[in-house]
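Participant: Pasting a structure here, questions to come.
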Amino acid sequence: MVQPSKTIPGRGATINRTSNRFNTLEREPDGDFLDYKDLWEGKAERPKTTVTIERARKIISYNSSPDIGFDRSINTVRGCEHGCIYCFARPTHAFHDLSPGLDFETRLFAKPRAAELLRAELAKPGYVCAPIGLGTNTDPYQPIERDWRITRSVLEVLAECRHPLTITTKSDRVVRDLDLLAPMAAQGLAAVALSITTLDPKLAMALEPRAPTPARRLKAVEALAAAGVPVYVSLAPVIPAINDHEMEALLEAAARAGARAAFFLPVRLPHEVAPLFKAWLEEHFPDRAGKVMSVIRSIREGRENDPNFFTRMRGSGPWAELLRTRFQIACRKHGLNRERMRVRSDLFRPPRGAQGELF
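Take 1128 as the starting number for the sequence shown in this note's numbering and just add one per residue.
In structure tokens form, the structure reads like this:
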């Protein structure tokens, strides 16, 4: 089923394809689909977010990617209500025979037993400690965290075990957990990356409709830095002719807020993200949609996406090299990336009650 391309207030995707790599059937609405009549006539209600409990058997995911600086991560929720149109995690919803479009933003799967599962995995005799990344696929502080507090429960276990972690988020809700993060940072166990892609609130509303405003994210950088938590700012993604012109201003604002380091990634469009992104461009920026895609293809060696290790994170060609040069100059100017931030793994202790603990 393909819904008509149409901006829905508070949502990122403009289409909701149910055909994907695993289910190639695609149907157009006809007289049998009366439940879609109001949608096609422009009378449909805004889609509401639903949350399904996922009965996960483990919570730590491992990867062997050579271009990622960690080998394990935790994602407390599948799907993300922030609705970032460029999100590379959208295709994961296709595994559930759901759309990487609106379904990804509105049909979430939460893992309320995450802390319990984590405690069990950390207690295993053969567990070897290394930094865990939170927010590597979907945001650990998206709106449902306010009530579900799953990320909070995971942090409590990691703090108890003195386990190192890094957090990537677009939400200022991370400041809520400073009572845990600040003591961990003082021991060299925690660092946070705030993703800020634009300083323009109108553009942010289109790109990331349910994420906090850029101003609120910068305030979160200030609060984390003031509490002694090492803070990165992530310019991810940089999109040609959409937000690339803001790179220098973003880095200046990040440094002024107290960030110690920054990184950027050119936009990636894997699998079902490409058609979603192109539909979004036609809806929001029809005057430059062709230019944006042309530059993206120039960065990706003529393709809309480059899945290869290393180049997928950097891009190639003159346009990508220009971005890197601009980034490096701006970082030097504002004192960013002078030191490489690391979290330590030598303080780890298994959870209380773990096998072999005597007292």
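Built from N, CA and C at the ideal position, the CB exists for glycine as well.
Note that this is a predicted model, so its numbers are computed, not measured.
Do you know whose CA, among Arg1453, Ile1186 and Ala1401, lies nearest Pro1434's CA?
Facilitator: In the sequence shown, the residue the question calls residue 1434 occupies position 307. For the residues Arg1453, Ile1186 and Ala1401, the minimum Cα distance to Pro1434 belongs to Ala1401.
Participant: By a C-beta neighbour count over all protein chains shown, 10 Å radius and 16 as the cutoff for buried, is Glu1272 buried or exposed?
Facilitator: In the sequence shown, residue 1272 corresponds to position 145, counting from 1. Glu1272 comes out buried.
Participant: Just tell me which of Pro1252, Lys1251, Ala1380 and Ala1368 has its CA closest to the CA of Leu1321.
Facilitator: In the sequence shown, residue 1321 corresponds to position 194, counting from 1. Nearest of Pro1252, Lys1251, Ala1380 and Ala1368 to Leu1321, Cα basis: Ala1380.
Participant: How far does the alpha helix (DSSP H) with Gly1260 in it extend, from its first residue to its last?
Facilitator: To locate residue 1260, count along the sequence shown from 1; it is residue 133. Premise fails: Gly1260 lies in the beta strand (DSSP E), Ile1259 to Leu1261, not in any alpha helix (DSSP H).
Participant: Taking one C-beta from the region 1241-1257 and one from the region 1183-1191 each time, how about it: are there three or more such pairs within less than 8 Å?
Facilitator: Flag = yes, the region 1241-1257 and the region 1183-1191 touch.
Participant: Using the rule of at least 16 other Cβ atoms within 10 Å of the residue's Cβ for burial, across every protein chain shown, is Glu1399 buried or exposed?
Facilitator: In the sequence shown, counting from the first residue as 1, residue 1399 sits at position 272. Counting Cβ neighbours within 10 Å, Glu1399 comes out buried, since at least 16 surround it.
Participant: Cutting at 7 Å between CB atoms, please list the residues of its own chain near Val1348, excluding the five before and the five after it.
Facilitator: Translated into the one-based positions of the sequence shown, residue 1348 becomes position 221. The residues are Leu1321, Val1358, Val1360, Ala1381, Ala1384, Gly1385 and Ala1386.
Participant: DSSP three-state call for Leu1463: helix, strand or coil?
Facilitator: Residue numbering aside, residue 1463 sits at position 336 when the sequence shown is read from its first letter. Three-state result, Leu1463: coil.
Participant: Give the C-beta separation of Gly1210 and Pro1336 to the nearest angstrom, bearing in mind that I take them to be a contact with Cβ-Cβ under 8 Å.
Facilitator: In the sequence shown, the residue the question calls residue 1210 occupies position 83. In the sequence shown, the residue the question calls residue 1336 occupies position 209. Confirmed, Cβ separation roughly 5 Å.
Participant: Tell me whether Pro1339 sits in a helix, a strand or coil according to DSSP, three-state version.
Facilitator: To locate residue 1339, count along the sequence shown from 1; it is residue 212. Pro1339 falls in the coil class under three-state DSSP.
Participant: Check Pro1227 in the structure and name its three-state DSSP category.
Facilitator: Here the question's residue 1227 lines up with position 100 in the sequence shown. Reduced to three states, the DSSP call for Pro1227 is coil.
Participant: Arg1199 and Ile1259: beta carbons closer than 7 Å?
Facilitator: In the sequence shown, the residue the question calls residue 1199 occupies position 72. In the sequence shown, the residue the question calls residue 1259 occupies position 132. Cβ atoms of Arg1199 and Ile1259: closer than 7 Å.
Participant: In angstroms with no decimal places, state the Cα-to-Cα distance between Gly1253 and Leu1403.
Facilitator: Sequence index remark: in the sequence shown, residue 1253 carries index 126 (1-based). Sequence index remark: in the sequence shown, residue 1403 carries index 276 (1-based). If I take the Cα positions, the gap works out to 43 Å.
Participant: Where Glu1466 and Leu1225 are concerned, what is the direct C-alpha to C-alpha distance, given to the nearest angstrom?
Facilitator: Against the sequence shown, residue 1466 aligns to sequence position 339. Against the sequence shown, residue 1225 aligns to sequence position 98. Distance between the alpha carbons of Glu1466 and Leu1225: 43 Å.
Participant: In the DSSP output, what is Tyr1189 paired with across the bridge?
Facilitator: Residue numbering aside, residue 1189 sits at position 62 when the sequence shown is read from its first letter. Answer is Arg1199.
Participant: Going by C-alpha to C-alpha distance, which of Ala1457, Ala1331, Leu1463 and Thr1203 sits closest to Arg1138?
Facilitator: Numbered from 1 along the sequence shown, position 11 holds the residue referred to as residue 1138. Out of Ala1457, Ala1331, Leu1463 and Thr1203, Ala1331 has the C-alpha closest to the C-alpha of Arg1138.
Participant: Under the three-state reduction of DSSP, which class applies to Val1360: helix, strand or coil?
Facilitator: Start at 1 with the first residue of the sequence shown, and residue 1360 comes out as number 233. It is a strand residue.
Participant: So, helix, strand or coil for Ile1180, using DSSP?
Facilitator: Position 53 of the sequence shown, counting from 1, holds the residue named residue 1180. Here Ile1180 sits in strand by DSSP.
Participant: Assign Gly1158 to one of two classes, buried (16 or more other C-beta atoms within 10 Å of its C-beta) or exposed (fewer than that).
Facilitator: Position 31 of the sequence shown, counted from the start, is the residue given in the question as residue 1158. Any answer about Gly1158 is weak, because its pLDDT of 34 lies below 50 and its placement is not dependable; what the coordinates show is given next. So Gly1158 counts as exposed.
Participant: Return the CA-CA distance between Thr1176 and Lys1329, expressed in angstroms with no decimal places.
Facilitator: Working through the sequence shown from its first residue, we reach residue 1176 at position 49. Working through the sequence shown from its first residue, we reach residue 1329 at position 202. Approximately 23 Å, taken between the alpha carbons.
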